[in-house]
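S.K.: Numbering (the working numbering), first residue to last: 7 to 282. Note that CB positions come from ideal geometry on N, CA and C, so glycine has one too.
Here it is, written out as structure tokens:
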């Protein structure tokens with residue numbers, strides 16, 4: 007029997023607050039809406055569970071890997087909607103008790119965690135008006151991560167990266183060939199308006215794969231403003247769907263034929279010359 011080699015994916019956009027309960031409520035509603043719209047893989051944004059009033063707030067809600075209310079909620083949502091849930095980022099215990107790992111976990115429709123990625127590149131940005139220093143409360147990860155997703159007899163490889171990772175093209179080149187890169191983010195409005203779209207499209211073009219970007223998009227309770235513009239991009243670098251700001255989701259289909267077409271017409275990945 008013919009297996010359709012397409013998969014419906016969705017990226018959720020939020021404006022997370024300093025209330026964990028409130029944010030889980032919004033995530034629950036939007037996951038339900040995306041699943042009802044046919045999504046089989048759903049991604050949440052970075053910090054979906056908390057954009058605290060101060061940076062240390064996330065340390066207070068950190069969980070041990072495999073155990074905690076945020077992870078339990080995600081397991082249950084993946085099971086309830088029979089989707090693969092790429093759970094944005096969750097603050098997990100780090101070796102330093104004053105810090106967390108900023109971690110993407112992937113849950114399958116049985117509610118099992120099948121992949122983990124700890125954010126490797128920590129954002130630091132300073133102007134007269136803004137200062138961000140993630141290294142003060144986050145411990146960097148040190149391992150790349152991809153995940154295989156099985157759907158209707160087809161296998162798909164998804165790559166995991168988070169926000170500031172987008173600025174480091176060498177990270178994506180370390181992944182095996184990937185069908186779709188998923189990047190939860192909370193890009194600031196300042197850097198987002200200039201760099202978000204162009205970097206996402208460049209990464210999709212140079213790695214000849216889809217990019218599913220799930221962002222925070224608005225003015226937060228802590229007076230930080232995030233850029234938004236969650237989107238799905240095809241391997242040719244075209245934006246298939248995007249959401250400028252506010253809560254909601256983008257949804258679309260990724261196709262094996264499109265991936266094969268782009269890679270056979272222009273086999274750039276095979277033309278790479280690596281210096282020894």
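Drop a sphere of 10 angstroms on the beta-carbon of residue 118, count the other beta-carbons inside from all chains shown, and report buried for 16 or more, exposed for fewer.
M.R.: Answer is exposed; the Cβ neighbour count stays below 16.
S.K.: Starting from residue 124, follow its DSSP beta bridges and name the residues at the other end.
M.R.: Partner(s): 109.
S.K.: Closest to residue 217 by CA distance: which of 228, 235 and 278 is it?
M.R.: The residue with the shortest Cα to Cα distance from residue 217 is 235.
S.K.: Hey, residue 215 and residue 187: beta-carbon distance below 8 Å or not?
M.R.: Yes, they are a contact pair.
S.K.: Return the CA-CA distance between residue 49 and residue 153, expressed in angstroms with no decimal places.
M.R.: Near 13 Å, if we compare the C-alpha coordinates of residue 153 and residue 49.
S.K.: How many angstroms separate the CA atom of residue 142 from the CA atom of residue 133?
M.R.: Cα-Cα distance, rounded: 17 Å.
S.K.: Give the secondary structure of residue 200 by DSSP, where H, G and I count as helix, E and B as strand, and everything else as coil.
M.R.: Helix at residue 200.
S.K.: How long is the line joining the alpha carbons of residue 39 and residue 33, rounded to whole angstroms?
M.R.: Each residue's alpha carbon lies about 10 Å from the other.
S.K.: With DSSP run on the structure shown, which of helix, strand or coil describes residue 130?
M.R.: Of the three classes helix, strand and coil, the one that applies to residue 130 here is strand, per DSSP.
S.K.: What's the call for residue 3, buried or exposed, on a 16-neighbour Cβ count within 10 Å?
M.R.: The requested residue 3 does not occur in the structure, where the chain is confined to residues 7 to 282.
S.K.: Give me the Cα-Cα distance between residue 25 and residue 55, rounded to the nearest whole angstrom.
M.R.: C-alpha separation (whole angstroms): 8 Å.
S.K.: With DSSP run on the structure shown, which of helix, strand or coil describes residue 16?
M.R.: Strand.
S.K.: Give me, in chain order, the residues of the same chain whose beta-carbon lies closer than 6 Å to that of residue 269; leave out the 5 immediate sequence neighbours on both sides.
M.R.: Excluding positions up to five away in sequence, the list reads 214.
S.K.: Quick one: what's residue 28 bridged to in DSSP?
M.R.: Per DSSP, none; premise fails for residue 28.
S.K.: Judging by CA-CA distance, which residue of 139, 71 and 129 is the nearest neighbour of residue 109?
M.R.: When only C-alpha atoms are compared, the closest one is 71.
S.K.: Taking only the alpha-carbon atoms, compute the straight-line gap between residue 124 and residue 96 and give it to the nearest angstrom.
M.R.: Near 10 Å, if we compare the C-alpha coordinates of residue 96 and residue 124.
S.K.: Which two residues bound the contiguous alpha helix (DSSP H) that contains residue 80?
M.R.: Residues 75–87.
S.K.: State yes or no: is the C-beta of residue 13 within less than 8 Å of the C-beta of residue 239?
M.R.: Their beta carbons are not under 8 Å apart, which means residue 13 does not touch residue 239 by this criterion.
S.K.: Which residue comes first and which comes last in the alpha helix (DSSP H) that contains residue 264?
M.R.: Note, residue 264: alpha helix (DSSP H), 262–271.
S.K.: Return the Cβ separation of residue 194 and residue 136 in integer angstroms, given the expectation that the two are a contact with Cβ distance under 8 Å.
M.R.: That belief holds up - the Cβ atoms of residue 194 and residue 136 are roughly 7 Å apart, short of 8 Å.
S.K.: Tell me, please, which residues DSSP counts as bridged to residue 3.
M.R.: With the chain running from 7 to 282 in the structure shown, residue 3 is simply not present.
S.K.: Would you kindly work out how many angstroms separate the C-alpha atoms of residue 116 and residue 80, rounded to a whole number?
M.R.: Answer to the nearest angstrom: the Cα atoms are 11 Å apart.
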